[in-house]
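Here is the structure we will look at.
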Amino acid sequence: MNPVLNYAVFNFEPILFTTGDHTMAETTSTYWTNFARTGNPNSGLPVGYTWPQFTPSSQLYLDQNVAPAIISSMKPVQCDVHDEIDAASTATEVAERRKRVEAFWNAPNDLLDRLGADKSAKAQ
Amino acid sequence: MDRTATMACWYGPRLVAFLVLILIQDQRNALIWVRDNIVQFGGDPSSVTIFGESAGAYCVNDHMTMPGSYGLFHAAIMESGTNEGQGFLGTFLFDQAYGNAQYNDVLATFNCTDLACLRAIPGEDIIALGAIDQLGYWGAIVDGVELPADPRDMVRTGDFYHVPIILGTNSDEVPGFLRPGATQAQYTASLVDLFGPQHGMALVEVYPLSDYEDNAFLATQAIMTDDVFTCPTRRSARYFSQYIDVYAYWFSYVHSAVNLVVPFFGAFHASELPYGKPKKLVLETT
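Note that the protein sequences, when read in sequence, are chains A and B. For the record, in the first sequence the residue sitting at position 102 is 103 according to the working numbering, with numbers rising by one throughout. For the record, in the second sequence the residue sitting at position 200 is 264 according to the working numbering, with numbers rising by one throughout.
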């Protein structure tokens, strides 16, 4: 991985917390703590927004953001394609594909060059 | 500190009971210590939650499918890493043939033919092989000892340690692999190149560039994020929730400083960590 990106990703600790950042720290740590104590993120310390359980029949997600929301279906069209790809791929094929994607991060121009990219687009 | 990569995931005919998945065994020893000693610190050994992010999340999943860890914890949180992601110990799940081949590669690298020879090699030389470009990926092996079967099959059939879980992913886990200005033709060609003609074209159709401001970086960011994280997590949640309580999340909040300086990073991999630290925590691993 690109060293700068690597640093940003794996050593990221916010220095400047805004109100939004504080809200996220408060709500997320409350859910996590409640869950550790009771097995339910909503039980224990008061939460401002009830996190619905994901069940086979109602596949709900909590959108964790400053204004939390419920996501009733996670990228249904796209994930069906990815599920198909997964079912059709061996573990080694998946590993190889991800390895190639990582190689692009290390030298992001390689793929475009191989595909005959316009050199002038490199600046973008 | 647990051991990783080469030291953790070795598999070989003579190593099965000793070195396979040592990383997991290290973590298990920590859990055993917690069980035996946490009461001295005011903790409750019958209420232990483990949580991990990325490779740590795969480890958490391992403990849920490795019987040696059953009973040592009572709830689990997996952030950005799930059972269906074909990934374990931060890398990948492999069969015994792959493990044998990798073991033989290690022997050949050091001009060895047996374990006795390998034991004389300095540890740092062996650890250096864990770098991602050396000898392919490292991962858990279904050895029949620590890991009884393919954990995906175990979860699908309910054969795992039943405790409540939280699992989820971030909205921008994986950076895109094309430059923003790549053309439609280049976008299509790259996906066909990576995923093959049938699946590549299917992806072009459900991720039209126009949905991403005609920006190939953002479009490929979404595709790889979904391929590696979003959709495996959806599959995992579907299987797990047939047997246990599941709470699923999608972390979309972009830190204010990130939003100011590099907004295209979005809610990237691990960016939720500063917020999710529990107020009372027993074991964390990343």
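Ideal Cβ placement from N, Cα and C applies to all residues, glycine included. Since we're looking at a predicted model, the values are computed, not measured.
Residues of chain A with a Cβ closer than 8 Å to the Cβ of F259 (chain B) are, in chain order, I86 and R98. The three-state reading of DSSP puts I114 (chain B) in strand, counting E and B together. Rounded to the nearest whole angstrom, the C-alpha separation of I96 (chain B) and S74 (chain A) is 39 Å.
As the crow flies, the alpha-carbon of I102 (chain B) is around 28 Å from that of A334 (chain B).
When DSSP states are grouped into helix, strand and coil, I185 (chain B) belongs to the coil group.
Ranked by how close their Cα comes to the Cα of C80 (chain A), the residues B:F293, B:F315 and B:E336 have B:F293 in first place. Below the 8 Å Cβ cutoff, chain A contributes V82, E85, I86 and A89 as neighbours of H263 (chain B), in chain order. A distance below 6 Å between beta-carbons, with the five flanking residues on each side excluded, links S133 (chain B) to the following residues of its chain, in chain order: R92 and H127. Rounded to whole angstroms, M265 (chain B) and P42 (chain A) show a C-alpha spacing of 40 Å. Residue-level contact by beta carbon fails for A68 (chain A) and chain B, as no gap is shorter than 7 Å. T29 (chain A) belongs to the set of residues whose beta carbon lies under 7 Å from a beta carbon in chain B. For the region 304 to 315 of chain B, residues whose beta-carbon sits nearer than 7 Å to a beta-carbon of chain A comprise S305, Q306, D309, V310, Y311, A312, Y313, W314 and F315.
At a cut-off of 7 Å, the C-beta of G40 (chain A) has a neighbouring C-beta in chain B. Residue contact check for F293 (chain B) against chain A: no CB pair falls below 7 Å. If you look at W97 (chain B), you'll find it in the alpha helix (DSSP H) that goes I86 to N101. In this structure, G40 (chain A) lies near A139 (chain B), with their beta-carbon atoms less than 7 Å apart. If you look at F315 (chain B), you'll find it in the beta strand (DSSP E) that goes V310 to F315. When the Cα atoms are used, C295 (chain B) and I141 (chain B) turn out to be separated by approximately 18 Å.
At least one CB of chain A lies nearer than 7 Å to the CB of Y339 (chain B).
For Y32 (chain A), the uninterrupted alpha helix (DSSP H) run begins and ends at T20 to T39, by DSSP. Residue range I229 to N234 is occupied by the beta strand (DSSP E) that includes T233 (chain B). The C-alpha of V256 (chain B) is placed about 8 Å away from the C-alpha of Q262 (chain B).
Burial of T233 (chain B) is indicated by the presence of at least 16 other C-beta atoms within 10 angstroms of its C-beta.
Rounded to the nearest angstrom, the gap between the Cα atoms of V82 (chain A) and I71 (chain A) is 23 Å. Residue-level contact check: G21 (chain A) touches chain B, since one or more beta carbons of chain B fall below 7 Å from its beta carbon. A residue is called buried when at least 16 other Cβ atoms come within 10 angstroms of its Cβ; T177 (chain B) does not meet this threshold and is exposed.
Taken through DSSP and simplified to helix, strand or coil, F241 (chain B) comes out as coil. Distance from the CA atom of N147 (chain B) to the CA atom of V219 (chain B), rounded to whole angstroms, is 8 Å. Taking C-beta atoms as the reference points, Y339 (chain B) and A26 (chain A) count as a pair closer than 7 Å. Using a 10 angstroms sphere on the CB of R183 (chain B), the tally of other CB atoms stays under 16, which defines it as exposed.
It is roughly 30 Å from the alpha-carbon of V325 (chain B) to the alpha-carbon of Y50 (chain A).
For M288 (chain B), the three-state secondary structure derived from DSSP is helix.
Only those residues of the region 116 to 147 of chain B whose C-beta falls short of 8 Å from the nearest C-beta of chain A are listed: H138, A139 and I141. Residues of the region 207 to 231 of chain B with a C-beta atom less than 7 Å from some C-beta of chain A are P228 and I230, listed in chain order. Under a 10 Å Cβ-count criterion, T20 (chain A) is classified as exposed, with fewer than 16 other Cβ atoms of the shown protein chains found around its own Cβ.
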